[in-house]
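Accompanying notes for the structure given below.
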Amino acid sequence: MMTSFRMAAGAALLSLALPVLAAGASTPDAAAIQRGRYLATAGDCIACHSVPGGKPMAGGLALATPLGAVVATNITPSKTHGIGNYTLKQFSDAVRHGVRADGANLYPAMPYTAYAKVTDEDTAALYDYFMHGVAAVDAAPAKQTDLPFPFNIRLSMSGWNMLFLDKKPFVADASKSMEWNRGAYLAQGLAHCTTCHTPRNALMAEQLSKELGGADLGTWHAPNITSDINSGVGGWSQQELVDYLRTGRTANKAQAAGPMAEAIDHSLKHLSDADLNAIAHYVKGVPAIRDKADTKPVTQWGKAGEELSSIRGVPLPQNLNKMSGAQLYDAQCASCHQAKGEGSFDGSLPPLFHNSVTGRSNSNNLVMAILDGVERQDGGSGHLMPAFRQTLSDEQIVTLGNYVQKMYGNPAIKVTAEQVTTLRNGGPASNLIGLARAGIIVGVLVLLALLLWWRGRRRKAA
(Lines of atoms letter the chains of each structure in order from A and count residues from 1; the text may use other names and numbers.)
(Lines give C-alpha, C1' and ligand atoms only; values in the text may rest on other atoms or scores of the structure.)
Protein backbone atom coordinates (compact mmCIF):
# COMPACT_ATOMS: atom_id res chain seq x y z
CA MET A 1 0.00 0.00 0.00
CA MET A 2 1.19 3.50 -0.63
CA THR A 3 1.04 6.39 1.79
CA SER A 4 -1.67 9.00 1.46
CA PHE A 5 1.01 11.59 0.67
CA ARG A 6 2.29 9.49 -2.23
CA MET A 7 -1.22 8.93 -3.56
CA ALA A 8 -2.04 12.63 -3.36
CA ALA A 9 1.23 13.64 -4.97
CA GLY A 10 0.88 11.10 -7.78
CA ALA A 11 -2.72 11.98 -8.49
CA ALA A 12 -1.97 15.69 -8.39
CA LEU A 13 0.92 15.29 -10.82
CA LEU A 14 -1.15 13.25 -13.26
CA SER A 15 -4.09 15.65 -13.11
CA LEU A 16 -2.07 18.71 -14.17
CA ALA A 17 -3.92 20.42 -16.98
CA LEU A 18 -2.41 21.50 -20.26
CA PRO A 19 -3.69 24.48 -22.21
CA VAL A 20 -6.05 23.45 -24.98
CA LEU A 21 -4.21 23.94 -28.25
CA ALA A 22 -5.96 25.49 -31.20
CA ALA A 23 -5.38 24.12 -34.66
CA GLY A 24 -2.14 25.49 -36.05
CA ALA A 25 -0.60 26.21 -32.62
CA SER A 26 3.15 25.75 -32.15
CA THR A 27 4.60 22.31 -31.50
CA PRO A 28 4.10 21.34 -27.85
CA ASP A 29 7.13 20.66 -25.67
CA ALA A 30 8.44 17.19 -24.88
CA ALA A 31 6.67 17.06 -21.53
CA ALA A 32 3.28 17.67 -23.14
CA ILE A 33 3.89 14.97 -25.73
CA GLN A 34 5.03 12.54 -23.06
CA ARG A 35 1.89 13.23 -21.03
CA GLY A 36 -0.20 12.44 -24.10
CA ARG A 37 1.79 9.24 -24.64
CA TYR A 38 0.95 8.14 -21.10
CA LEU A 39 -2.74 8.84 -21.62
CA ALA A 40 -2.75 6.97 -24.95
CA THR A 41 -1.14 4.04 -23.15
CA ALA A 42 -3.85 4.19 -20.49
CA GLY A 43 -6.40 4.11 -23.33
CA ASP A 44 -4.67 1.07 -24.92
CA CYS A 45 -4.90 2.71 -28.35
CA ILE A 46 -2.04 0.69 -29.79
CA ALA A 47 -3.70 -2.67 -29.11
CA CYS A 48 -6.52 -2.06 -31.58
CA HIS A 49 -4.89 0.28 -34.06
CA SER A 50 -1.80 -1.84 -34.78
CA VAL A 51 -1.40 -5.27 -36.31
CA PRO A 52 1.17 -7.67 -34.80
CA GLY A 53 4.52 -6.89 -36.38
CA GLY A 54 3.13 -3.81 -38.11
CA LYS A 55 3.78 -0.12 -37.65
CA PRO A 56 2.29 1.46 -34.51
CA MET A 57 -1.12 3.09 -34.91
CA ALA A 58 -1.25 2.33 -38.66
CA GLY A 59 -4.51 0.39 -38.35
CA GLY A 60 -5.54 -2.76 -40.17
CA LEU A 61 -6.44 -4.98 -37.23
CA ALA A 62 -9.82 -6.67 -37.73
CA LEU A 63 -11.79 -6.49 -34.49
CA ALA A 64 -14.38 -9.22 -34.18
CA THR A 65 -17.86 -8.01 -33.22
CA PRO A 66 -21.26 -9.75 -33.23
CA LEU A 67 -22.05 -7.85 -36.43
CA GLY A 68 -18.83 -8.68 -38.26
CA ALA A 69 -15.26 -7.45 -38.33
CA VAL A 70 -14.59 -3.76 -37.72
CA VAL A 71 -11.18 -2.84 -39.15
CA ALA A 72 -9.19 -0.31 -37.14
CA THR A 73 -8.10 2.77 -39.06
CA ASN A 74 -4.77 4.54 -39.45
CA ILE A 75 -4.50 7.07 -36.61
CA THR A 76 -0.97 8.25 -37.31
CA PRO A 77 -0.47 11.92 -38.27
CA SER A 78 -0.34 11.02 -41.96
CA LYS A 79 -2.07 13.74 -43.97
CA THR A 80 -3.04 11.30 -46.72
CA HIS A 81 -4.28 8.22 -44.85
CA GLY A 82 -4.28 9.13 -41.17
CA ILE A 83 -5.50 11.95 -38.96
CA GLY A 84 -2.81 14.50 -39.79
CA ASN A 85 -5.35 17.04 -41.04
CA TYR A 86 -7.59 16.79 -37.97
CA THR A 87 -8.08 19.88 -35.87
CA LEU A 88 -8.27 19.48 -32.11
CA LYS A 89 -12.06 19.73 -32.30
CA GLN A 90 -12.28 17.07 -35.00
CA PHE A 91 -9.97 14.83 -32.98
CA SER A 92 -12.11 15.38 -29.88
CA ASP A 93 -15.31 14.62 -31.79
CA ALA A 94 -13.85 11.35 -33.07
CA VAL A 95 -12.40 10.21 -29.74
CA ARG A 96 -15.24 11.29 -27.47
CA HIS A 97 -18.33 11.40 -29.70
CA GLY A 98 -17.61 8.80 -32.36
CA VAL A 99 -17.78 11.18 -35.35
CA ARG A 100 -15.00 11.34 -37.95
CA ALA A 101 -13.73 14.55 -39.53
CA ASP A 102 -15.87 13.86 -42.61
CA GLY A 103 -18.98 13.64 -40.41
CA ALA A 104 -19.38 9.87 -40.66
CA ASN A 105 -20.12 7.91 -37.50
CA LEU A 106 -17.67 5.48 -35.97
CA TYR A 107 -18.80 2.11 -34.65
CA PRO A 108 -18.65 1.60 -30.87
CA ALA A 109 -16.00 -1.10 -31.32
CA MET A 110 -13.99 2.10 -30.83
CA PRO A 111 -14.91 2.73 -27.16
CA TYR A 112 -15.85 6.38 -27.58
CA THR A 113 -18.74 5.83 -25.15
CA ALA A 114 -16.05 5.45 -22.46
CA TYR A 115 -13.65 8.04 -23.87
CA ALA A 116 -16.50 10.56 -23.66
CA LYS A 117 -15.51 10.79 -19.97
CA VAL A 118 -12.05 12.15 -20.86
CA THR A 119 -11.54 15.80 -19.90
CA ASP A 120 -10.83 18.59 -22.38
CA GLU A 121 -7.30 18.91 -20.99
CA ASP A 122 -6.49 15.23 -21.42
CA THR A 123 -8.02 15.22 -24.90
CA ALA A 124 -5.70 18.08 -25.84
CA ALA A 125 -2.73 16.13 -24.46
CA LEU A 126 -3.72 13.10 -26.53
CA TYR A 127 -3.93 15.33 -29.59
CA ASP A 128 -0.42 16.64 -28.90
CA TYR A 129 0.92 13.11 -28.76
CA PHE A 130 -0.80 11.77 -31.85
CA MET A 131 0.20 14.80 -33.92
CA HIS A 132 3.80 15.09 -32.73
CA GLY A 133 4.77 11.84 -30.96
CA VAL A 134 3.60 9.20 -33.43
CA ALA A 135 5.40 8.45 -36.68
CA ALA A 136 3.25 9.11 -39.74
CA VAL A 137 2.43 6.08 -41.89
CA ASP A 138 1.29 7.12 -45.35
CA ALA A 139 -0.69 4.00 -46.15
CA ALA A 140 -4.25 2.90 -45.64
CA PRO A 141 -5.07 -0.47 -44.07
CA ALA A 142 -5.45 -3.18 -46.71
CA LYS A 143 -8.88 -4.11 -45.36
CA GLN A 144 -11.89 -1.88 -44.82
CA THR A 145 -14.88 -2.31 -42.53
CA ASP A 146 -17.77 -3.91 -44.41
CA LEU A 147 -20.69 -4.71 -42.11
CA PRO A 148 -23.96 -6.19 -43.41
CA PHE A 149 -27.03 -4.05 -44.09
CA PRO A 150 -28.26 -1.96 -42.33
CA PHE A 151 -25.12 -1.44 -40.26
CA ASN A 152 -23.07 -0.63 -43.34
CA ILE A 153 -25.01 2.65 -43.28
CA ARG A 154 -23.01 4.59 -40.71
CA LEU A 155 -25.81 7.10 -40.28
CA SER A 156 -27.68 4.36 -38.41
CA MET A 157 -25.29 4.97 -35.51
CA SER A 158 -26.75 8.45 -35.03
CA GLY A 159 -29.91 7.00 -33.53
CA TRP A 160 -27.87 4.62 -31.37
CA ASN A 161 -25.79 7.52 -30.09
CA MET A 162 -28.91 9.52 -29.23
CA LEU A 163 -30.08 6.62 -27.08
CA PHE A 164 -26.86 5.48 -25.47
CA LEU A 165 -24.04 8.04 -25.71
CA ASP A 166 -23.55 10.25 -22.67
CA LYS A 167 -21.33 13.11 -23.91
CA LYS A 168 -20.66 14.64 -20.50
CA PRO A 169 -17.01 14.43 -19.40
CA PHE A 170 -16.23 12.95 -15.99
CA VAL A 171 -17.24 15.07 -13.02
CA ALA A 172 -15.53 14.37 -9.70
CA ASP A 173 -17.69 13.25 -6.78
CA ALA A 174 -16.91 15.64 -3.93
CA SER A 175 -18.07 13.07 -1.38
CA LYS A 176 -15.36 10.61 -2.47
CA SER A 177 -11.60 10.63 -1.98
CA MET A 178 -9.09 11.88 -4.53
CA GLU A 179 -7.96 8.29 -5.08
CA TRP A 180 -11.51 7.06 -5.74
CA ASN A 181 -12.16 9.88 -8.20
CA ARG A 182 -8.91 9.23 -10.06
CA GLY A 183 -9.77 5.51 -10.23
CA ALA A 184 -13.32 6.20 -11.42
CA TYR A 185 -12.02 8.60 -14.08
CA LEU A 186 -9.59 6.01 -15.44
CA ALA A 187 -11.82 2.92 -15.10
CA GLN A 188 -14.87 4.59 -16.64
CA GLY A 189 -12.87 6.55 -19.21
CA LEU A 190 -9.49 5.80 -20.77
CA ALA A 191 -9.05 2.30 -19.33
CA HIS A 192 -12.66 1.58 -20.51
CA CYS A 193 -13.15 -1.29 -18.05
CA THR A 194 -16.93 -1.23 -18.51
CA THR A 195 -16.57 -1.77 -22.27
CA CYS A 196 -15.64 -5.40 -21.66
CA HIS A 197 -16.79 -6.20 -18.12
CA THR A 198 -20.34 -4.80 -18.28
CA PRO A 199 -23.12 -6.85 -19.93
CA ARG A 200 -24.93 -5.36 -22.90
CA ASN A 201 -28.59 -5.16 -23.88
CA ALA A 202 -30.18 -6.36 -27.12
CA LEU A 203 -28.94 -3.23 -28.91
CA MET A 204 -25.35 -3.79 -27.74
CA ALA A 205 -25.36 -0.90 -25.28
CA GLU A 206 -23.88 -1.32 -21.80
CA GLN A 207 -26.33 -2.11 -19.01
CA LEU A 208 -24.89 0.39 -16.55
CA SER A 209 -27.15 -0.92 -13.77
CA LYS A 210 -24.92 -4.01 -13.93
CA GLU A 211 -21.61 -2.16 -14.08
CA LEU A 212 -18.63 -4.56 -14.19
CA GLY A 213 -20.93 -7.54 -13.59
CA GLY A 214 -19.27 -9.64 -16.31
CA ALA A 215 -19.94 -10.15 -20.02
CA ASP A 216 -19.15 -12.47 -22.91
CA LEU A 217 -16.83 -11.02 -25.55
CA GLY A 218 -17.67 -13.31 -28.40
CA THR A 219 -15.40 -16.12 -27.22
CA TRP A 220 -13.66 -15.02 -24.02
CA HIS A 221 -15.61 -14.07 -20.90
CA ALA A 222 -14.80 -10.81 -19.11
CA PRO A 223 -15.57 -11.81 -15.52
CA ASN A 224 -17.51 -10.09 -12.79
CA ILE A 225 -15.13 -7.64 -11.09
CA THR A 226 -17.60 -5.99 -8.72
CA SER A 227 -17.09 -5.98 -4.95
CA ASP A 228 -19.06 -9.22 -4.46
CA ILE A 229 -17.21 -11.73 -2.29
CA ASN A 230 -18.26 -14.80 -4.27
CA SER A 231 -18.59 -13.70 -7.89
CA GLY A 232 -16.35 -10.63 -7.94
CA VAL A 233 -13.16 -9.35 -6.34
CA GLY A 234 -14.57 -8.50 -2.93
CA GLY A 235 -12.20 -11.01 -1.34
CA TRP A 236 -9.14 -9.54 -3.03
CA SER A 237 -6.94 -7.02 -1.27
CA GLN A 238 -6.18 -3.77 -3.06
CA GLN A 239 -2.55 -4.88 -3.40
CA GLU A 240 -3.61 -8.16 -5.01
CA LEU A 241 -5.63 -6.24 -7.58
CA VAL A 242 -2.70 -3.92 -8.26
CA ASP A 243 -0.38 -6.91 -8.70
CA TYR A 244 -2.82 -8.48 -11.15
CA LEU A 245 -3.19 -5.28 -13.18
CA ARG A 246 0.59 -4.91 -13.35
CA THR A 247 1.65 -8.54 -13.95
CA GLY A 248 -1.49 -10.44 -14.98
CA ARG A 249 -1.08 -12.86 -12.11
CA THR A 250 -2.22 -13.12 -8.51
CA ALA A 251 -1.29 -16.28 -6.63
CA ASN A 252 -4.20 -18.60 -5.80
CA LYS A 253 -6.67 -16.33 -7.56
CA ALA A 254 -6.25 -15.59 -11.24
CA GLN A 255 -4.03 -15.14 -14.26
CA ALA A 256 -4.71 -13.06 -17.34
CA ALA A 257 -5.34 -14.51 -20.79
CA GLY A 258 -6.98 -13.41 -24.03
CA PRO A 259 -8.04 -9.75 -24.26
CA MET A 260 -7.16 -9.07 -20.61
CA ALA A 261 -3.58 -10.22 -21.15
CA GLU A 262 -3.35 -7.85 -24.09
CA ALA A 263 -4.72 -4.98 -22.00
CA ILE A 264 -2.14 -5.62 -19.30
CA ASP A 265 0.80 -5.98 -21.68
CA HIS A 266 -0.03 -2.98 -23.86
CA SER A 267 -1.54 -0.68 -21.26
CA LEU A 268 -2.04 -1.43 -17.59
CA LYS A 269 1.43 -2.61 -16.65
CA HIS A 270 2.81 0.72 -17.89
CA LEU A 271 0.67 2.82 -15.55
CA SER A 272 2.02 4.41 -12.39
CA ASP A 273 1.60 2.84 -8.96
CA ALA A 274 -0.69 5.72 -8.05
CA ASP A 275 -3.02 5.08 -10.99
CA LEU A 276 -3.09 1.29 -10.52
CA ASN A 277 -3.93 1.78 -6.86
CA ALA A 278 -6.62 4.27 -7.80
CA ILE A 279 -8.23 1.83 -10.28
CA ALA A 280 -8.07 -1.00 -7.73
CA HIS A 281 -9.57 1.24 -5.03
CA TYR A 282 -12.44 2.24 -7.31
CA VAL A 283 -13.17 -1.31 -8.49
CA LYS A 284 -13.32 -2.61 -4.92
CA GLY A 285 -16.08 -0.09 -4.25
CA VAL A 286 -18.30 -0.94 -7.23
CA PRO A 287 -21.69 -2.25 -5.96
CA ALA A 288 -21.70 -6.03 -5.62
CA ILE A 289 -23.39 -8.22 -8.21
CA ARG A 290 -23.63 -11.96 -7.55
CA ASP A 291 -24.30 -14.88 -9.84
CA LYS A 292 -26.56 -17.27 -7.95
CA ALA A 293 -24.46 -20.18 -9.17
CA ASP A 294 -21.48 -18.88 -7.18
CA THR A 295 -22.20 -20.43 -3.81
CA LYS A 296 -18.72 -19.60 -2.51
CA PRO A 297 -15.81 -17.45 -3.73
CA VAL A 298 -14.76 -18.54 -7.21
CA THR A 299 -11.14 -18.75 -6.06
CA GLN A 300 -11.86 -21.33 -3.34
CA TRP A 301 -12.98 -24.30 -5.42
CA GLY A 302 -11.04 -27.52 -5.80
CA LYS A 303 -7.93 -29.09 -4.34
CA ALA A 304 -4.87 -31.03 -5.43
CA GLY A 305 -5.64 -34.50 -6.72
CA GLU A 306 -4.95 -37.10 -9.40
CA GLU A 307 -6.39 -40.28 -10.88
CA LEU A 308 -3.18 -41.83 -12.16
CA SER A 309 -4.02 -45.24 -10.72
CA SER A 310 -7.04 -45.44 -13.02
CA ILE A 311 -4.93 -45.14 -16.18
CA ARG A 312 -1.63 -46.86 -15.38
CA GLY A 313 -1.34 -50.00 -17.50
CA VAL A 314 -4.56 -49.16 -19.35
CA PRO A 315 -4.02 -49.00 -23.14
CA LEU A 316 -5.25 -45.99 -25.03
CA PRO A 317 -8.46 -46.58 -26.97
CA GLN A 318 -8.17 -47.06 -30.74
CA ASN A 319 -10.42 -44.05 -31.17
CA LEU A 320 -8.49 -41.29 -29.41
CA ASN A 321 -11.70 -39.30 -29.07
CA LYS A 322 -12.66 -41.85 -26.43
CA MET A 323 -9.69 -41.15 -24.19
CA SER A 324 -10.67 -40.53 -20.59
CA GLY A 325 -10.23 -37.17 -18.90
CA ALA A 326 -7.39 -38.59 -16.80
CA GLN A 327 -5.61 -39.85 -19.93
CA LEU A 328 -5.98 -36.52 -21.71
CA TYR A 329 -4.81 -34.60 -18.66
CA ASP A 330 -1.80 -36.86 -18.20
CA ALA A 331 -0.90 -36.54 -21.90
CA GLN A 332 -1.48 -32.82 -22.41
CA CYS A 333 -1.48 -30.97 -19.08
CA ALA A 334 0.50 -32.75 -16.36
CA SER A 335 3.93 -31.82 -17.68
CA CYS A 336 3.25 -28.14 -16.89
CA HIS A 337 0.46 -28.13 -14.30
CA GLN A 338 1.85 -31.23 -12.53
CA ALA A 339 0.09 -34.50 -11.84
CA LYS A 340 -2.10 -33.07 -9.08
CA GLY A 341 -2.87 -29.77 -10.76
CA GLU A 342 -0.64 -27.83 -8.40
CA GLY A 343 1.12 -25.78 -11.08
CA SER A 344 4.83 -25.32 -11.79
CA PHE A 345 7.27 -25.41 -8.91
CA ASP A 346 8.47 -21.83 -9.54
CA GLY A 347 4.91 -20.48 -9.56
CA SER A 348 5.07 -19.22 -13.15
CA LEU A 349 2.37 -21.68 -14.25
CA PRO A 350 -0.70 -21.57 -12.00
CA PRO A 351 -2.42 -24.32 -10.05
CA LEU A 352 -5.75 -25.38 -11.51
CA PHE A 353 -7.50 -25.37 -8.14
CA HIS A 354 -8.19 -22.16 -6.19
CA ASN A 355 -8.22 -20.60 -9.62
CA SER A 356 -10.99 -18.30 -10.82
CA VAL A 357 -10.93 -19.88 -14.30
CA THR A 358 -12.10 -23.24 -12.97
CA GLY A 359 -14.21 -21.75 -10.18
CA ARG A 360 -16.47 -19.46 -12.19
CA SER A 361 -19.96 -20.36 -13.32
CA ASN A 362 -18.93 -19.51 -16.90
CA SER A 363 -16.41 -22.01 -18.33
CA ASN A 364 -15.70 -20.18 -21.60
CA ASN A 365 -12.24 -19.05 -20.50
CA LEU A 366 -11.22 -22.60 -19.64
CA VAL A 367 -12.25 -23.73 -23.13
CA MET A 368 -10.55 -20.75 -24.79
CA ALA A 369 -7.32 -21.34 -22.87
CA ILE A 370 -7.30 -24.91 -24.18
CA LEU A 371 -8.17 -23.84 -27.73
CA ASP A 372 -5.91 -20.81 -28.12
CA GLY A 373 -3.45 -21.08 -25.26
CA VAL A 374 -2.15 -18.18 -23.21
CA GLU A 375 0.26 -15.74 -24.80
CA ARG A 376 1.92 -12.78 -23.14
CA GLN A 377 3.99 -9.99 -24.65
CA ASP A 378 6.91 -8.76 -22.58
CA GLY A 379 9.59 -7.31 -24.79
CA GLY A 380 8.97 -10.22 -27.17
CA SER A 381 6.52 -13.07 -27.42
CA GLY A 382 6.05 -15.79 -24.87
CA HIS A 383 3.60 -18.64 -24.79
CA LEU A 384 2.69 -19.50 -21.21
CA MET A 385 0.38 -22.22 -22.50
CA PRO A 386 0.32 -23.81 -25.95
CA ALA A 387 -2.81 -23.81 -28.07
CA PHE A 388 -4.55 -27.16 -28.61
CA ARG A 389 -6.91 -25.97 -31.35
CA GLN A 390 -5.13 -28.11 -33.93
CA THR A 391 -4.28 -30.96 -31.55
CA LEU A 392 -7.49 -31.80 -29.70
CA SER A 393 -10.93 -32.47 -31.16
CA ASP A 394 -14.09 -30.90 -29.78
CA GLU A 395 -14.94 -34.20 -28.08
CA GLN A 396 -11.54 -34.38 -26.44
CA ILE A 397 -11.79 -30.77 -25.20
CA VAL A 398 -15.21 -31.51 -23.68
CA THR A 399 -13.79 -34.57 -21.90
CA LEU A 400 -10.68 -32.76 -20.71
CA GLY A 401 -12.57 -29.63 -19.67
CA ASN A 402 -15.04 -31.58 -17.58
CA TYR A 403 -12.23 -33.58 -15.97
CA VAL A 404 -10.48 -30.35 -14.96
CA GLN A 405 -13.74 -28.94 -13.60
CA LYS A 406 -14.47 -32.10 -11.63
CA MET A 407 -10.98 -32.49 -10.20
CA TYR A 408 -9.92 -28.89 -9.61
CA GLY A 409 -12.82 -26.50 -10.02
CA ASN A 410 -16.55 -26.16 -9.47
CA PRO A 411 -17.84 -29.63 -10.43
CA ALA A 412 -21.35 -28.31 -11.07
CA ILE A 413 -20.10 -26.26 -14.03
CA LYS A 414 -19.87 -28.26 -17.25
CA VAL A 415 -18.19 -27.90 -20.62
CA THR A 416 -20.56 -28.87 -23.44
CA ALA A 417 -20.03 -29.99 -27.03
CA GLU A 418 -22.15 -27.12 -28.35
CA GLN A 419 -20.10 -24.63 -26.33
CA VAL A 420 -16.77 -25.91 -27.64
CA THR A 421 -17.96 -25.94 -31.26
CA THR A 422 -19.35 -22.43 -30.94
CA LEU A 423 -16.20 -21.03 -29.36
CA ARG A 424 -13.95 -22.78 -31.88
CA ASN A 425 -15.93 -21.09 -34.65
CA GLY A 426 -15.67 -17.59 -33.20
CA GLY A 427 -18.54 -17.36 -30.73
CA PRO A 428 -22.32 -17.23 -30.94
CA ALA A 429 -23.98 -15.47 -33.85
CA SER A 430 -25.84 -12.26 -33.12
CA ASN A 431 -29.53 -11.87 -33.89
CA LEU A 432 -29.15 -8.09 -34.00
CA ILE A 433 -28.82 -8.02 -37.79
CA GLY A 434 -32.07 -9.93 -38.18
CA LEU A 435 -33.79 -7.72 -35.61
CA ALA A 436 -32.61 -4.57 -37.36
CA ARG A 437 -33.79 -5.78 -40.76
CA ALA A 438 -37.12 -6.87 -39.29
CA GLY A 439 -37.45 -3.46 -37.68
CA ILE A 440 -36.87 -1.75 -41.02
CA ILE A 441 -39.50 -3.96 -42.67
CA VAL A 442 -41.99 -3.22 -39.90
CA GLY A 443 -41.22 0.51 -40.17
CA VAL A 444 -41.78 0.47 -43.93
CA LEU A 445 -45.08 -1.42 -43.49
CA VAL A 446 -46.23 1.07 -40.86
CA LEU A 447 -45.37 3.98 -43.17
CA LEU A 448 -47.27 2.33 -46.03
CA ALA A 449 -50.26 1.74 -43.79
CA LEU A 450 -50.22 5.38 -42.68
CA LEU A 451 -49.93 6.51 -46.30
CA LEU A 452 -52.91 4.36 -47.36
CA TRP A 453 -54.92 5.62 -44.38
CA TRP A 454 -54.11 9.24 -45.26
CA ARG A 455 -55.07 8.73 -48.92
CA GLY A 456 -58.34 7.09 -47.87
CA ARG A 457 -59.21 10.06 -45.67
CA ARG A 458 -58.46 12.49 -48.52
CA ARG A 459 -60.74 10.59 -50.89
CA LYS A 460 -63.57 10.60 -48.38
CA ALA A 461 -63.08 14.33 -47.81
CA ALA A 462 -63.22 14.92 -51.56
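Residue 838 in the numbering used here sits at position 269 of the sequence shown, with consecutive numbering throughout. For every residue, glycine included, the Cβ atom is placed at its ideal position computed from N, Cα and C.
Check                                                                                                                                                                    : Outcome
For the alpha helix (DSSP H) containing THR634, list its first residue and its last residue.                                                                             : Premise fails: THR634 lies in the beta strand (DSSP E), 631-634, not in any alpha helix (DSSP H).
Are three or more beta carbon pairs between the stretch 649-659 and the stretch 693-711 nearer than 8 Å?                                                                 : yes
Helix, strand or coil: which one does DSSP assign to ARG665?                                                                                                             : helix
With a threshold of 8 Å, are at least 3 pairs of Cβ atoms found where one atom belongs to the stretch 925-933 and the other to the stretch 774-793?                      : yes
Could you name the residues that DSSP lists as bridge partners for MET954?                                                                                               : VAL943
Are the Cβ atoms of ASP963 and THR985 separated by less than 7 Å?                                                                                                        : no
Answer yes if the stretch 631-643 comes into contact with the stretch 723-730, meaning at least three C-beta pairs across the two stretches below 8 Å, and no otherwise. : no
Indicate whether THR819 and GLU831 have their beta-carbon atoms separated by less than 7 Å.                                                                              : no
Checking 7 Å against the spacing of the C-beta atoms, do VAL687 and THR645 come in under that value?                                                                     : no
Looking only at C-alpha atoms, which of ALA685, LEU877 and CYS762 sits nearest to LEU845?                                                                                : CYS762
Hey, out of TYR655, ASP915 and TYR898, whose CA is closest to ASN971's CA?                                                                                               : TYR898
Taking the C-alpha atoms as reference points, what is the distance between PHE914 and ALA599?                                                                            : 46 Å
Note down the Cα distance separating SER619 from LEU608, rounded to an integer number of angstroms.                                                                      : 17 Å
Give the straight-line distance between the Cα atoms of ALA938 and LEU921, rounded to the nearest whole angstrom.                                                        : 12 Å
Can you tell me whether DSSP reads ARG604 as helix, strand or coil?                                                                                                      : helix
Suppose the cutoff is 6 Å on Cβ atoms and the five residues either side in sequence are ignored; what does the same chain contact list for ASP662 look like?             : VAL668
Does the beta carbon of THR645 come closer than 7 Å to any beta carbon on chain D?                                                                                       : As a matter of chain content, chain D is missing from the structure shown, which is built from one protein chain.
Kindly indicate the opening and closing residues of the beta strand (DSSP E) around LEU786.                                                                              : 784-786
Looking only at its own chain, which residues have a Cβ that is under 6 Å from the Cβ of VAL867, when we skip the five neighbours before and after it?                   : SER925, GLY928 and ARG929
From the DSSP output, in three-state form, read off LYS1029 for me.                                                                                                      : helix
With distance defined between alpha-carbon atoms, name the residue in THR634, GLY612 and LYS872 nearest to PRO980.                                                       : LYS872
In chain order, what residues of the same chain have a beta carbon less than 6 Å from the beta carbon of ALA826, not counting five sequence neighbours either side?      : ALA938 and VAL943
Going along the chain, which residues of its own chain have a beta-carbon closer than 6 Å to the beta-carbon of ALA753, five neighbours each way excluded?               : TYR851
In its own chain, which residues sit with a C-beta less than 7 Å from the C-beta of LYS712, not counting the 5 before and 5 after it?                                    : GLY629, ALA631 and VAL640
Just curious, the alpha helix (DSSP H) that GLY728 is in, first and last residue?                                                                                        : 725-733
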